[in-house]
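Below is one structure; the comments refer to it alone.
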Amino acid sequence: MSSALLPAYARTPLSFDHGKGVHLFTKDGDSYLDFGAGIAVSSLGHAHPQLVAALQEQAGKLWHTSNLYQMPDGEKLAERLVAASFADQVFFTNSGAEALECSIKMARKYHSASGNGQRYRIITFEGAFHGRTLATIAAGGKKQYLDGFGPVVDGFDQVVFNDLKAVEAAIGDETAAILIEPVQGEGGIRPVENEFLRALREICDENGLLLILDEVQSGVGRTGRLFAHEWAGITPDIMAIAKGIGGGFPMGACLATVEAGKGMTAGTHGTTFGGNPLAMAVGNAVLDVVLAEGFMQHVNQTGLKLSQKLARLKDQYPDIIEEIRGKGLMLGLKVKPANSEMVKALIAEKMLTIPAADNVVRLLPPLIVTDEEIEEAENKIERACQKMQEQKQ
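Listed below in structure tokens is the structure:
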């Protein structure tokens, strides 16, 4: 029998009934180690007691009123995000793509409000992924996502990743901003060099451009800092976040300085569901955990342990693992066989991972992962490597 779902996904024939911590369980009770976290979404694992309690309490009180009225919990979450970041103000969305749409519109509106309406083009980078809307697929520039959806939204100039001269050459009278992921996720866990981010900040300042960061996948503690750009010691003008901030509940946010957001006056942008009471309750609960003393230290320590174990496996299985990439708990294995083969081999070992470009397998465990669970992952990856190596011989 064919599915009633639009066949937009090539789904793995695997489904889950419930989860606890870093594990997912099928109806038959089979346990899978979840090192995909729903593509870096389940930042605190499955059925985290604080998130469950926050959602249940709010669900019994109020689900939705719309942004026609005050949102006290939204004000609270925005204030906390502002206090913990570069930003002065926040716009809540339902997804990362919407947060990026808001960021793109804000950059254009900023220049329009400044009397420079001709400045609307945004420089982006090869390998980037910013979402699946018409504007964000144009920003990403990947042919496979653009085919059949023309005409391509105008206003994006893509340059070579980590190439400063290419960035400088792309700047023109119509350039409004530079948009970059501090760590490319879909692009293959490719971190941007700290020096490159600092140089982009200087270029933006010198040319009157806005720096937009896409931290949808790298933000909310994933790399061992609340936001990945903090490692470079710079601040953006606008930043999009999502995924981890909801811990599994659909939400995102566009963060900005007052100056960058000066054109976004009442009526210029909106959302029906963004910032609803359920999302705000969960978002505040996520921050309660992530901002607690010692949490980032835990992410860095467990991330280092995982990296060390992966480095050992790379040395032991050089015909399988070519390179280890990433930072904190946003890591990637560049493999020599097809990454789809490695993902399948790990599923056979009851471990979930996520494929990415450049033949990379992403390891994105919940940030609460323990040393014991990292050892469990090491054993599963090693068994998968052994079997793949035996098949090659």
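Take -1 as the starting number for the sequence shown in this note's numbering and just add one per residue. The C-beta atom is built at its ideal place from N, Cα and C for all residues, glycine as well.
Pick out whichever of V150, A355, K25 has its Cα sitting closest to the Cα of V398. Because the chain spans -1 through 391 in this model, residue 398 falls outside it and cannot be assessed.
Own chain residues within Cβ distance below 6 Å of E347, not counting five before or after: K378, R381, A382
Hey, how far is the Cα of A240 from the Cα of Q391? 44 Å
Between the CA atoms of K325 and L308 - distance to the nearest angstrom: 13 Å
By Cβ distance, which residues of its chain are closer than 7 Å to G72, with the 5 residues on each side in sequence left out? F90, G273, M278
Buried or exposed: N337, going by 16 or more other Cβ atoms within 10 Å of its Cβ? buried
Validate contact between the stretch 240 to 249 and the stretch 46 to 55 using beta carbons, cut 8 Å, 3 pairs: yes
Is I372 helix, strand or coil by DSSP? helix
Mind listing, in chain order, the continuous beta strand (DSSP E) runs of no fewer than 3 residues lying wholly within the stretch 77 to 153? 87 to 91, 119 to 123
If distances are taken between C-alpha atoms only, which option among V190, R223, I345 comes closest to D32? I345
Three Cβ pairs or more, each shorter than 8 Å: is that satisfied between the stretch 221 to 236 and the stretch 182 to 199? yes
With DSSP as the reference, label S216 as helix, strand or coil. coil
Pick helix, strand or coil for H44, following the three-state DSSP scheme. strand
Rounded Cβ spacing between A111 and A126 (contact assumed at less than 8 Å): Their Cβ separation, rounded to whole angstroms, is 27 Å, which puts A111 and A126 out of contact at 8 Å.
In this structure, does DSSP put I379 in helix, strand or coil? helix
Rounded straight-line distance, which links the Cα of T270 to that of L276: 13 Å
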